[in-house]
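Numbering (the numbering used here), first residue to last: 25 to 221.
This is the structure we're talking about:
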């Protein structure tokens, strides 16, 4: 892959990232529509569909950026921010409707903040490679990105207990969240100790 393009260059991947950010108020806002205008089941479906579309744009913008050498520093930054905002916003919605446990919400949101701060610090000291994404983090992301749309949808689907399956997956994601964060911290600890000396 070629060198990163100038930060101010606006391209398709960056447009997709901004589109993902634009979905955040829509995912939240759909639940504010009066029930007389839109029933609860329709709201669940639309919120789920918008989250899925946002998740697809996440995979798509990364693929296009790598495939056609369109990566930029600004795009990489916005991509990470958009991911965190979409997930955390959806978790807040689920918490408001009592579809996710408060402990789960705290673990997931807290981890996103902590790991983002840790990566930024490690990048500043030139040790970013020590906290690159691990396999546990990837599995956590898969479980999380499967659980959230299920919990947003919440209604049974052809007899399948979607809410129950989503709840199990979000607990799996929470456990992997804690473990992957411990892996990141263990990798970063020697560097943090040296900086503290």
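Cβ atoms here follow ideal geometry from the backbone N, Cα and C, with glycine treated the same way.
> Buried or exposed: where does residue 190 fall if 16 or more other Cβ atoms within 10 Å of its Cβ makes it buried?
Replying inline: For the purposes of this step, residue 190 is taken as residue 166 along the chain shown, with counting starting at 1. By the neighbour-count rule (16 or more Cβ atoms within 10 Å), residue 190 is buried.
> When we look at the beta-carbon of residue 200 and count the other beta-carbons within 10 Å, is it buried (16 or more) or exposed?
Replying inline: Here residue 200 refers to the residue found at position 176 of the chain shown. Buried: at least 16 other Cβ atoms inside 10 Å.
> Taking the alpha carbon of residue 94 as the point to measure from, which residue in 40, 47 and 54 has its own alpha carbon closest?
Replying inline: Within the chain shown, numbered from 1, the residue matching residue 94 stands at position 70. Considering only alpha carbons, the answer is 40.
> Taking the alpha-carbon positions, what's the residue 77 to residue 51 distance?
Replying inline: The sequence position of residue 77 within the chain shown is 53, counting from 1. The sequence position of residue 51 within the chain shown is 27, counting from 1. Rounded to the nearest whole angstrom, the C-alpha separation of residue 77 and residue 51 is 11 angstroms.
>> With distance defined between alpha-carbon atoms, name the residue in 35, 195, 63 and 37 nearest to residue 179.
In response: Taking the chain shown and counting its residues from 1, one reaches residue 179 at position 155. Nearest neighbour of residue 179 by Cα position, chosen from 35, 195, 63 and 37, turns out to be 63.
> DSSP on residue 95, reduced to helix/strand/coil?
Replying inline: Here residue 95 refers to the residue found at position 71 when the chain shown is read from its first residue. Three-state DSSP puts residue 95 in coil, outside helix and strand.
> What's the call for residue 68, buried or exposed, on a 16-neighbour Cβ count within 10 Å?
Replying inline: Along the chain shown, read from residue 1 onward, the residue named residue 68 stands at position 44. Within 10 angstroms of the beta-carbon of residue 68 lie 16 or more other beta-carbons, which makes it buried.
> Mind checking residue 120: buried by the 16 CB within 10 Å criterion, or exposed?
Replying inline: For the purposes of this step, residue 120 is identified with residue 96 of the chain shown, where counting begins at 1. Residue 120 should be labelled exposed.
> What number of angstroms, rounded off, separates the C-alpha of residue 61 from the C-alpha of residue 37?
Replying inline: Residue numbering aside, residue 61 sits at position 37 when the chain shown is read from its first letter. Residue numbering aside, residue 37 sits at position 13 when the chain shown is read from its first letter. Roughly 35 angstroms between the two C-alpha positions.
> What are the uninterrupted segments assigned as alpha helix (DSSP H) that are 4 or more residues long and contained completely in the segment 104 to 158, given in chain order?
Replying inline: Counting only runs of 4 or more residues that sit fully inside the segment 104 to 158, the alpha helix (DSSP H) segments are 126 to 148, in chain order.
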